[in-house]
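Using the numbering used here, read the sequence shown as starting at 21 and increasing by one per residue. The beta carbon of each residue, even a glycine, is placed where N, CA and C say it ideally should be. The block underneath contains the structure these notes are about, expressed in structure tokens.
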Amino acid sequence: MLPESELITLPAAKGHLAPPARCLVRWQPSTRARRVSMRICPKHGAVVVILPPGKGRRAGLALLREHADWVMERLAALAPATPFEADATVLLGGAPHRIRHDPAALGGAFLDGSSIIVAGDPAFLRRRVGDFMRAEARRRIRALLAPHAAALGVKPRALRLKDTRSRWGSCAPDGTLAFSWRLVMAPEWVLDYVVAHEVAHLKELNHSARFWAHVSRLTPNRDDAVEWLRLEGPALLRVG
């Protein structure tokens with residue numbers, strides 16, 4: 021039976037004297053895939069191998085070993101994981117904020133200048149910071165969403181926060197907008213672009229010229245925001 025994930029030893033890069041390297045591999049059987057493929061999962065620091073029907077672990081291992089150099093280069097380029105813990109520094113709106121534990125404070129977690137103060141038992145610190153970040157994401161997204169929706173004369177059915185790995189936002193056919201809570205760590209102008217992008221889908225559920233015209237009408241930051249997410253987005257998936 022195929023394990024969900026396992027540590028795999030890959031050969032050293034050709035021409036290098038480095039020892040073999042180990043990496044976490046997550047096996048993902050897929051009924052829709054036509055060939056064996058792989059992608060890097062920044063959130064878990066792992067390589068995901070997609071296996072189509074009729075292909076198993078052996079085929080996946082062959083692909084991994086063939087592209088071992090590429091795999092290890094991509095994994096090495098990932099930002100180090102930043103857990104929600106006392107004295108850790110995390111981004112909020114693109115600016116660094118320090119997590120400070122104050123057992124005497126009241127109110128769960130809250131902002132104090134450039135600090136996120138976390139009250140109570142340290143055993144609940146990680147959960148409270150996560151709850152704070154999600155609440156802050158919802159607040160900031162709502163504030164940006166309202167004027168964009170009014171400008172296009174649309175109204176979303178609902179707003180949902182998710183922890184997606186492959187997309188920052190989405191618009192369902194029924195008008196429900198979903199966003200990654202991790203966008204709260206990005207600069208506001210980046211968050212604004214993602215919100216504008218999804219609001220524009222309420223007018224055009226496609227990526228036609230008319231859709232992009234709506235996006236450009238709502239925000240001037242399209243190209244810069246896309247580039248920021250391409251370069252810095254993977255690091256956001258390593259926080260928490």
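Between Ala125 and Ala139, the C-beta gap is smaller than 8 Å, which places the two residues in contact. Under the three-state reduction of DSSP output, Gly253 falls in the helix class. Of the other Cβ atoms in all chains shown, fewer than 16 fall within 10 Å of the Cβ of Asp132; this residue is therefore exposed. Excluding sequence positions up to five before and after Glu24, its CB lies within less than 8 Å of the CB of Arg46, Trp47, all in the same chain and listed in chain order.
Secondary structure of Ala106 (DSSP, three-state): coil. Inclusion of Arg158 and Leu181 in the CB contact set at 8 Å is warranted, their separation being smaller than that value. In this structure, Arg202 places its C-beta atom within 8 Å of the C-beta atom of Leu257. Within a 10 Å sphere around the beta-carbon of Glu93 sit fewer than 16 other beta-carbons, which makes this residue exposed. CA-to-CA, the gap between Phe199 and Trp188 works out to about 6 Å. By the neighbour-count criterion, in which a residue is buried when 16 or more other Cβ atoms sit within 10 angstroms of its Cβ, Pro176 is buried.
In this structure, Leu225 keeps its C-beta atom at 8 Å or more from the C-beta atom of Pro254. No Cβ-Cβ contact shorter than 8 Å links Arg77 with Pro31. Looking at the DSSP output, Phe130 shares a beta bridge with Ile137. Take His121, set aside five residues on each side of it, and the residues of its chain with a beta-carbon closer than 7 Å to its own are Ala106, Val138, Pro142, Leu145, in chain order.
Annotated three-state conformation of Pro72 is coil, per DSSP. Secondary structure note for Arg59: its beta strand (DSSP E) is the uninterrupted segment 57 to 61. Taking the CA atoms as reference points, Ala245 sits about 30 Å from Asp89. The Cβ atoms of Val215 and Leu165 sit closer than 8 Å to each other.
The C-beta separation of Asp151 from Gly128 comes to about 7 Å, placing the pair in contact by the 8 Å criterion.
The residue from Gly195, Ala178, Ser57 with its alpha-carbon nearest to that of His87 is Ser57. For Val67, the pairing in a beta bridge is given by DSSP as Val45, Ile60.
If the five residues before and after Arg148 are omitted, its C-beta is found closer than 6 Å to the C-beta atoms of Gly128, Ala129, Val138, all from its own chain and listed in chain order.
Bridge partners of Arg202 according to DSSP: none are assigned. In the DSSP assignment, His121 falls within the beta strand (DSSP E) that extends over 115 to 122.
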